[in-house]
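Numbering (UniProt numbering), first residue to last: 1 to 304. Note that CB positions come from ideal geometry on N, CA and C, so glycine has one too. Values in this document were obtained by computation on a predicted structure and should not be read as measured data. Worksheet: one structure, shown below.
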Ligand SMILES: C[S@@+](CC[C@H](N)C(=O)[O-])C[C@H]1O[C@@H](n2cnc3c(N)ncnc32)[C@H](O)[C@@H]1O
């Protein structure tokens with residue numbers, strides 16, 4: 001996964017911009033945001049891998065009842081679209097619909113951009129750069145390091161609702177970032193603690209998956225709210241997706257070496273050893289990564 005994509009995407013990393021700085025060979029964006037992961041080729045390849053793991057776990061790219069709507073033709077927004085893979089897959093499957101992906105970093109494509117896709121560079125902490133009642137479906141996934149709890153309720157959910165047409169749909173996909181091992185795994189636990197402490201220091205929660213359904217319900221803006229969850233196996237050895245999930249965690253931990261070594265107060269060498277030990281715990285014992293989705297339909301204020 002990622003071989004030829006990496007070659008073409010490398011061009012993205014050559015787009016040297018004052019919005020980014022390179023630390024330990026990884027490129028981080030400097031704009032005013034909460035984000036702790038890099039924005040570079042390696043991270044885009046990881047996001048693609050994570051996309052396939054989650055698509056497999058949920059048996060598809062979305063859970064809201066929007067298939068017929070997308071077949072007929074609708075406008076779809078992917079908030080913080082990352083590599084753009086979700087948007088691009090749906091654009092191919094639903095040629096009558098029009099897809100917009102918004103992200104703080106530019107999306108650089110490996111192929112020609114489909115005519116029913118548009119990417120917009122924007123900081124969503126400034127709101128969504130679209131008119132009210134524009135989209136039939138708004139989707140967002142893996143925004144654990146984008147919105148604080150307060151920003152979810154005060155900014156994200158009201159903005160999503162504003163840009164959705166009455167009767168249109170929203171879907172949130174998040175997780176419990178604290179992976180649960182089946183037996184006591186000391187090094188996995190150390191990595192969980194580091195994540196909780198780093199995100200906590202920024203007012204972020206490592207487990208927004210537990211809250212997304214409540215965000216929709218408490219907003220009072222949505223009806224027909226549904227939810228589902230899946231436990232994604234992270235190891236042990238032997239299953240293709242369980243091994244991909246191990247690589248996903250390993251890649252995240254490597255990508256976050258710079259902030260994590262500071263949070264854990266360890267040297268880079270010691271950090272690498274903890275990561276390898278945690279990976280071996282996954283390989284030997286396996287763990288579970290709990291993923292959640294919640295969706296709802298924007299209330300039609302004109303309805304009786
Ligand atoms: C973990 S990735 C998830 C990407 C995509 N949703 C997926 O599931 O593959 C989070 C994305 O949020 C983007 N992001 C972070 N902070 C942002 C902000 N303030 N405004 C817009 N995008 C942001 C990052 O650039 C990154 O692409």
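Identity of the residue in the options nearest residue i by Cα
i           : options            : result
residue 82  : 50, 96, 187        : 50
residue 300 : 221, 166, 35, 73   : 166
residue 78  : 36, 39, 156, 204   : 156
residue 117 : 108, 34, 65, 37    : 108
residue 133 : 139, 163, 154      : 163
residue 306 : 43, 295, 260, 33   : A question about residue 306 goes unanswered here, because the residues of the chain that appear run from 1 up to 304.
residue 192 : 274, 44, 75, 20    : 274
residue 61  : 90, 37, 47, 46     : 90
residue 114 : 84, 130, 143       : 84
residue 177 : 160, 151, 142, 153 : 142
residue 161 : 218, 245, 242      : 218
residue 65  : 216, 214, 104, 168 : 168
residue 296 : 173, 135, 223      : 223
residue 136 : 129, 243, 99       : 99
residue 225 : 215, 234, 233      : 215
residue 42  : 28, 35, 201        : 28
residue 227 : 212, 236, 238, 246 : 212
residue 76  : 121, 36, 140, 264  : 140
residue 86  : 256, 243, 56, 182  : 56
residue 95  : 102, 72, 207       : 72
Local Cβ density within 10 Å of residue i, reported as buried at 16 or more and exposed below that
i           : result
residue 305 : Within the shown structure, residues of the chain are numbered from 1 to 304, placing residue 305 beyond reach of any answer.
residue 231 : exposed
residue 1   : Low per-residue confidence applies at residue 1: pLDDT is 32, beneath 50, and the placement is therefore not dependable enough to give any value.
residue 126 : exposed
residue 31  : exposed
residue 267 : exposed
residue 284 : exposed
residue 298 : buried
residue 92  : exposed
residue 174 : buried
residue 269 : exposed
residue 304 : Its pLDDT being 49, under 50, residue 304 is placed unreliably in this model, and the coordinates cannot settle the point.
residue 40  : buried
residue 286 : buried
residue 278 : buried
residue 209 : buried
residue 293 : buried
residue 25  : exposed
residue 3   : Note that residue 3 has pLDDT 32, beneath the 50 cutoff, so the model's placement of it is unreliable and the number below is only indicative. Residue 3 should be labelled exposed.
residue 289 : buried
residue 105 : buried
Proximity test, residue i beta-carbon vs ligand 1 heavy atom, cut-off 7 Å
i           : result
residue 285 : no
residue 122 : yes
residue 207 : no
residue 33  : yes
residue 27  : no
residue 104 : yes
residue 47  : yes
residue 86  : yes
residue 141 : yes
residue 37  : yes
residue 70  : no
residue 63  : no
residue 151 : no
residue 195 : no
residue 354 : This structure does not reach residue 354, given that the chain is present from 1 up to 304, and the question cannot be answered.
residue 82  : yes
residue 56  : no
residue 198 : no
residue 30  : no
residue 318 : The structure shown does not extend to residue 318, since the chain is modelled only from 1 to 304, so the question has no answer here.
residue 51  : yes
residue 146 : yes
Bridge-paired residues (DSSP) for residue i
i           : result
residue 252 : Partner(s): none; residue 252 has no beta bridge.
residue 75  : 98
residue 291 : 175, 230
residue 247 : In the DSSP output, where bridge partners are listed per residue, residue 247 has none listed.
residue 103 : 121
8 Å Cβ cutoff, residue i in contact with chain D
i          : result
residue 60 : This model lacks chain D altogether, as it is built from one protein chain only.
- Query: Where in the region 158 to 217 do unbroken runs of the alpha helix (DSSP H), each at least 4 residues long, occur, reported from the N-terminal end onward?
  - Reply: 186 to 201
- Task: Entirely within the region 13 to 77 and at least 3 residues each: give me those beta strand (DSSP E) ranges in chain order.
- Result: 20 to 23, 26 to 29
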